[in-house]
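Protein chains in written order, with the numbering used here: chain E, 61 to 164; chain C, 211 to 770.
Note that CB positions come from ideal geometry on N, CA and C, so glycine has one too.
Owing to the predicted nature of the structure, the values given are computational and were not obtained by experimental measurement.
For reference, the structure is listed below as structure tokens.
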């Protein structure tokens, strides 16, 4: 079957729009989460330097800003990994299903 | 800011973060150091190996597809390393570790900024780019838009970003070679130009990718070793490392909290936006998504790239603190005239290189120097390749010849462009030798997020977007980001030498205004566009959506 026909059949399949909406919502939620974490940290740097320089415990040298900052780095890696894992298994399976249906 | 000149001297040219700092930083010219034969020999070995790979790659590079995208045969893991290689520039390595050495905590703020663009690319762009594009990101926007205007615009956007980035890298190479190898500026610029042209001309994307992979592995290995050596000294206790650092550093406890880097929230958010969305508009990064065979591999690529880059930034933070604890107690070995207040030999960006000597001796320092220089070479090769593809694939083959051109001719045009870009880069490197180019990488990011990113984003995700809207909005973003950057303090006062306080645009980055303007103009012009062409473009959206979401009909990238 030609690609054009498959494309047309996928367009007509209501499951396809459902799939796209579901996945886009997921992407957008994760993107917003990332922005909240990052811009939150930056605004903390701009507005509340004192807080970031507070020590993690009495007598310690390490400030709260350091584990928080490293936390943002780790969060970035983890949130990317979560998306990639889900997209490569669950989303791809759903997508393959839709394409297969249209290719019959 | 303490002695910004020392902290940010020398290779600040590379340090994009420096653009933000540049408001108060005077870019010192690097002092030529004694000839470092260990480093030169190690670099020679690197070049030898990569040229051998180029010879192997040349045998595989026959068509335009091979040249632009390595025939689409790179795996996700390999591509992830190559993307990390493209991104972990000498600026990140020397610049951020130098910034941590000088100001402690502030270095961390910058490394975070450099990383947060990656999830956005993963969630919104990677897969759709792979499914819609073939060789360049203009293919993506060109899917349903009028090829002439949109590709001309995309090629301009690419070339502007590539040119600014290239200048920063070339000047950085020249300054670094004086520090690392003890050779002349001009030698560095010509050498980088010549070797890079050999990689790209003969080995195309295959060679460029493998050069990046090797470099990324060397850089990650070297940095891991240094960070472990530092942590080992303190029994793997960060607290012990930090308390020693606070004890010896002249700022004392000041290195444990935010310094004076970010004071006004508008600049903070604007710089943040430029970094976050600019990454998603860099042509040499975007083009890497076409080298993998499927959307799945494209996602894996960014997953790996984010992991390696994030890991690397954590290492640079430890390395910076390691430099504080290892170098400051031994001023005679590492500081100008043995005086800590006079700054490190060769400037603040040499912190990582000196630390390499402290923990691993001359041989390891040679290795780290060679890696730092190899880094520039690899990044320049990637940039040139993406510039060449913008000219040959978008301007020549698609716009000028309307796609009626065979692979061999297109390949020949890419190679001619590569040579032209190589010569252009060398000349610019020489012209800008004495200039303060710290702002150039930041400018590249500003253009990428204000011109390339909005056009890509809207063309892929918004059904009503039209050619007119995309071109108008992108052009507004391009012009406003460049103009506002020139009017900002970092360029107007520091580089152009106007009086302090005379800059018309007071913020560190234009992104918050220029990117918003680009999106607004794309929206308004598209909405008002009622031409027949616009109707045709809107009608094509459902088919584009199917392809971008499922990959049906997408280019296998394995040839025409």
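Exercise. For residue 129 of chain E, which residues in chain C fall below 9 Å Cβ to Cβ?
Worked result: Taking the first chain and counting its residues from 1, one reaches residue 129 of chain E at position 69. Those are 315, 318, 319, 321, 322 and 527, listed as they occur along chain C.
For this session: Counting only the same chain and skipping the five closest in sequence on each side, list residues whose C-beta sits under 6 Å from that of residue 650 of chain C.
Result: Counting from 1 along the second chain, the entry for residue 650 of chain C is found at position 440. Same-chain partners within the cutoff: 374, 377 and 378.
Exercise. Residues in its own chain within less than 8 Å of residue 341 of chain C by CB, not counting five upstream and five downstream?
Worked result: Stepping through the second chain from its first residue, residue 341 of chain C is reached at position 131. Within the same chain, residue 341 of chain C has close Cβ partners 505, 757, 758, 759, 760, 761 and 764.
Exercise. In chain C, what lies closer than 7 Å to residue 125 of chain E by C-beta?
Worked result: Counting from 1 along the first chain, the entry for residue 125 of chain E is found at position 65. Within 7 Å Cβ-Cβ: 315, 467 and 468.
Exercise. Whose Cβ in chain A lies nearer than 7 Å to the Cβ of residue 94 of chain E?
Worked result: No chain A is present in this structure, whose protein chains are E and C.
Exercise. Under a three-way DSSP split, which group does residue 710 of chain C fall into?
Worked result: Along the second chain, one-based indexing puts residue 710 of chain C at 500. Residue state, collapsed to three classes: coil.
Exercise. Which of helix, strand or coil does DSSP assign to residue 741 of chain C?
Worked result: Along the second chain, one-based indexing puts residue 741 of chain C at 531. In the structure shown, residue 741 of chain C sits in coil (DSSP, three-state: anything other than H, G, I, E or B).
Problem set entry | Residue closest to residue 272 of chain C, alpha-carbon to alpha-carbon, out of C:349, C:621, C:526 and C:299 | In the second chain, counting from the first residue as 1, residue 272 of chain C sits at position 62. Considering only alpha carbons, the answer is C:621.
Exercise. What residues in its chain sit with their C-beta under 7 Å from that of residue 268 of chain C, if we drop five residues either side in the sequence?
Worked result: The residue you call residue 268 of chain C lines up with position 58 of the second chain. The answer, listed in chain order, is 412 and 413.
Exercise. When the cut-off is 8 Å and only beta carbons count, does residue 81 of chain E lie next to chain C?
Worked result: Within the first chain, residue 81 of chain E is the residue found at index 21, counting from 1. With 8 Å as the cut-off, residue 81 of chain E does not count as an interface residue toward chain C.
Exercise. Tell me which same chain residues have a C-beta within less than 8 Å of the C-beta of residue 456 of chain C, skipping the five on either side of it?
Worked result: Here residue 456 of chain C refers to the residue found at position 246 of the second chain. Taken in chain order, the residues that qualify are 462, 463, 465 and 466.
Problem set entry | Residues from the segment 397-428 of chain C in contact with chain E, defined by Cβ distance under 8 Å | none
Problem set entry | Reference residue 745 of chain C; option with closest CA among C:591, C:675 and C:417 | Stepping through the second chain from its first residue, residue 745 of chain C is reached at position 535. That would be C:675, whose Cα lies nearest to the Cα of residue 745 of chain C.
For this session: Can you give me the Cβ contacts of residue 157 of chain E inside the same chain, cut-off strictly under 7 Å, excluding the 5 residues immediately before and after it?
Result: Here residue 157 of chain E refers to the residue found at position 97 when the first chain is read from its first residue. Contacts found: none.
Exercise. Which bits of chain E does residue 700 of chain C rub up against, with CB to CB less than 9 Å?
Worked result: As a working mapping, residue 700 of chain C is identified with position 490 in the second chain. Under the 9 Å cutoff, chain E gives no residues; its nearest Cβ is about 18 Å from residue 700 of chain C.
Problem set entry | 4 or more residues per run - each alpha helix (DSSP H) lying fully within the segment 592-669 of chain C | 617-641 and 649-657
Exercise. Going by the CB atoms, is the gap between residue 488 of chain C and residue 656 of chain C shorter than 8 Å?
Worked result: Position 446 of the second chain holds residue 656 of chain C. Position 278 of the second chain holds residue 488 of chain C. At a Cβ-Cβ threshold of 8 Å, residue 656 of chain C and residue 488 of chain C count as neighbours.
Exercise. How is the alpha helix (DSSP H) around residue 754 of chain C delimited, first residue to last?
Worked result: Sequence index remark: in the second chain, residue 754 of chain C carries index 544 (1-based). That run of the alpha helix (DSSP H) goes 751-760.
Exercise. Exposed or buried, which one is residue 420 of chain C when buried takes at least 16 other CB atoms within 10 Å?
Worked result: Within the second chain, numbered from 1, the residue matching residue 420 of chain C stands at position 210. Classification for residue 420 of chain C: buried.
Exercise. What three-state label does DSSP hand residue 219 of chain C in the structure shown?
Worked result: The residue given as residue 219 of chain C occupies position 9 in the second chain. Residue confidence for residue 219 of chain C is low, a pLDDT of 34 falling below 50, so the modelled location carries little weight; the figure read from the coordinates is stated next. Of the three classes helix, strand and coil, the one that applies to residue 219 of chain C here is coil, per DSSP.
For this session: Closer than 6 Å by C-beta to residue 307 of chain C: which residues in its own chain qualify, once you throw out the five before and the five after it? Chain order, please.
Result: For the purposes of this step, residue 307 of chain C is taken as residue 97 along the second chain, with counting starting at 1. 526, 529, 530, 561 and 562.
For this session: Output the distance between the C-alpha atoms of residue 405 of chain C and residue 418 of chain C, rounded to the nearest integer angstrom.
Result: Translated into positions along the second chain, residue 405 of chain C becomes position 195. Translated into positions along the second chain, residue 418 of chain C becomes position 208. Cα to Cα, the separation comes out at about 11 Å.
Exercise. Taking the C-alpha atoms as reference points, what is the distance between residue 337 of chain C and residue 641 of chain C?
Worked result: Sequence index remark: in the second chain, residue 337 of chain C carries index 127 (1-based). Sequence index remark: in the second chain, residue 641 of chain C carries index 431 (1-based). Straight-line Cα distance between these residues: approximately 40 Å.
Problem set entry | Expected contact under 8 Å - CB spacing of residue 589 of chain C and residue 299 of chain C to nearest Å | Working through the second chain from its first residue, we reach residue 589 of chain C at position 379. Working through the second chain from its first residue, we reach residue 299 of chain C at position 89. 5 Å between Cβ atoms; contact.
Exercise. Using CA coordinates, which residue listed in C:673, C:581 and C:663 is at the minimum distance from residue 248 of chain C?
Worked result: Indexing the second chain from 1 puts residue 248 of chain C at position 38. Considering only alpha carbons, the answer is C:581.
Problem set entry | Start-end ranges of the alpha helix (DSSP H) lying completely within the segment 388-440 of chain C, minimum 4 residues | Counting only unbroken stretches of 4 or more residues, the alpha helix (DSSP H) elements lying wholly within the segment 388-440 of chain C are 395-408, in sequence order.
For this session: Would you kindly work out how many angstroms separate the C-alpha atoms of residue 253 of chain C and residue 301 of chain C, rounded to a whole number?
Result: The sequence position of residue 253 of chain C within the second chain is 43, counting from 1. The sequence position of residue 301 of chain C within the second chain is 91, counting from 1. For residue 253 of chain C and residue 301 of chain C, the distance between alpha carbons rounds to 18 Å.
For this session: Answer with yes or no whether the minimum CB distance from residue 233 of chain C to chain E is below 8 Å.
Result: For this step, residue 233 of chain C is matched to residue 23 along the second chain. Note on residue 233 of chain C: pLDDT 27, under 50, position unreliable in the model; the coordinate value appears next. Not flagged as an interface residue toward chain E: residue 233 of chain C, since no C-beta distance is shorter than 8 Å.
For this session: Sort out for me which residues DSSP pairs residue 115 of chain E with in a bridge.
Result: Taking the first residue of the first chain as 1, we reach residue 115 of chain E at position 55. Looking at the DSSP assignment, residue 115 of chain E forms a beta bridge with E:123.
For this session: Work out the CA separation of residue 547 of chain C and residue 508 of chain C for me, nearest whole Å.
Result: The count along the second chain starts at 1 and reaches residue 508 of chain C at position 298. The count along the second chain starts at 1 and reaches residue 547 of chain C at position 337. Rounded to the nearest whole angstrom, the CA to CA distance from residue 508 of chain C to residue 547 of chain C is 51 Å.
Exercise. Closest by CA to residue 353 of chain C, which one among C:721, C:692, C:286 and C:668?
Worked result: On the second chain, residue 353 of chain C is found 143 positions in, with the first residue counted as 1. That would be C:668, whose Cα lies nearest to the Cα of residue 353 of chain C.
For this session: Using beta-carbon positions only, say whether residue 243 of chain C and residue 392 of chain C come within less than 8 Å of one another.
Result: What you label residue 243 of chain C is simply residue 33 of the second chain in a count that begins at 1. What you label residue 392 of chain C is simply residue 182 of the second chain in a count that begins at 1. Yes. Within cutoff.
Exercise. Can you tell which of C:281, C:721, C:585 and C:576 has the C-alpha that lies nearest to the C-alpha of residue 690 of chain C?
Worked result: For the purposes of this step, residue 690 of chain C is taken as the residue at position 480 of the second chain. Among C:281, C:721, C:585 and C:576, the Cα nearest to that of residue 690 of chain C is on C:721.
Problem set entry | Identity of the residue in C:704, C:311 and C:291 nearest residue 554 of chain C by Cα | Mapped onto the second chain, residue 554 of chain C falls at position 344. Nearest of C:704, C:311 and C:291 to residue 554 of chain C, Cα basis: C:311.
Exercise. Between which two residues does the alpha helix (DSSP H) carrying residue 542 of chain C extend?
Worked result: Translated into the one-based positions of the second chain, residue 542 of chain C becomes position 332. Taken as a continuous stretch (DSSP letters only), the alpha helix (DSSP H) holding residue 542 of chain C covers 541-544.
Exercise. Is the beta carbon of residue 442 of chain C sitting closer than 8 Å to the one on residue 451 of chain C?
Worked result: The count along the second chain starts at 1 and reaches residue 442 of chain C at position 232. The count along the second chain starts at 1 and reaches residue 451 of chain C at position 241. Not closer than 8 Å, so no.
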